[in-house]
Amino acid sequence: MTLTPMMKILLTYMVLLSLAMSSYFTGIVYFANLAGFIGAMGIMYLFFKDRPDDWEEDSTEAIADKKWRKMWYFVLGFGVFISLIFGSLWNHQFGGMV
Numbered sequence: 327m328t329l330t331p332m333m334k335i336l337l338t339y340m341v342l343l344s345l346a347m348s349s350y351f352t353g354i355v356y357f358a359n360l361a362g363f364i365g366a367m368g369i370m371y372l373f374f375k376d377r378p379d380d381w382e383e384d385s386t387e388a389i390a391d392k393k394w395r396k397m398w399y400f401v402l403g404f405g406v407f408i409s410l411i412f413g414s415l416w417n418h419q420f421g422g423m424v
């Protein structure tokens, strides 16, 4: 079975959401930190990924690539957001916060 781009996005979103929910319900902040790490690494990969130089700005490939990048940025940004909410801000071990 080959994964379509949408299936990859949904699978990543479900992994990040399950890490967030497990962090919330168990109180183990490392799950949220792992989701943030996945999100940050994915955002860096997308940002620094080389794109073909022969694409024109209004070509079909460039428009489709821009659409998929927006979706990936949203999903991976969600991972960073839940890491901040459930991992860093509520973490009683981080910086002596109680």
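Taking the numbering used here, I'd label the letters of the sequence shown as residues 327 to 424. Idealized CB from N, CA, C, for every residue including glycine.
Three-state secondary structure (DSSP) of residue 349:
Here the question's residue 349 lines up with position 23 in the sequence shown. In the displayed model, residue 349 falls within a helix according to three-state DSSP.
From residue 362 to residue 334, what distance separates their C-alpha atoms?
Position 36 of the sequence shown, counted from the first residue, corresponds to residue 362. Position 8 of the sequence shown, counted from the first residue, corresponds to residue 334. Those two C-alpha atoms are separated by around 18 Å.
Between the C-alpha atoms of residue 423 and residue 336, what's the straight-line distance to the nearest angstrom?
The residue labelled residue 423 in the question sits at position 97 within the sequence shown. The residue labelled residue 336 in the question sits at position 10 within the sequence shown. The pLDDT assigned to residue 423 is 47, lower than 50, so where the model puts this residue is not dependable, and the model offers no usable value.
Out of curiosity, what's the CA-to-CA distance linking residue 388 and residue 372?
As a working mapping, residue 388 is identified with position 62 in the sequence shown. As a working mapping, residue 372 is identified with position 46 in the sequence shown. Residue 388 and residue 372: Cα-Cα distance of roughly 14 Å.
Find out if the Cβ-Cβ distance for the pair residue 339, residue 401 is shorter than 7 Å.
Stepping through the sequence shown from its first residue, residue 339 is reached at position 13. Stepping through the sequence shown from its first residue, residue 401 is reached at position 75. Yes, the pair counts as a contact, with Cβ atoms nearer than the cut-off.
Helix, strand or coil at residue 409 [DSSP, three-state]
Stepping through the sequence shown from its first residue, residue 409 is reached at position 83. Helix at residue 409.
Cβ-Cβ separation, residue 329 to residue 405 (assumed contact under 8 Å), whole Å:
For this step, residue 405 is matched to residue 79 along the sequence shown. For this step, residue 329 is matched to residue 3 along the sequence shown. Rounded to whole angstroms, the Cβ separation of residue 405 and residue 329 is 19 Å, and the two are not in contact under 8 Å.
C-beta contact flag for residue 344 and residue 412 at 7 Å
Numbered from its first residue, the sequence shown carries residue 344 at position 18. Numbered from its first residue, the sequence shown carries residue 412 at position 86. Result no, Cβ atoms of residue 344 and residue 412 do not sit closer than 7 Å.
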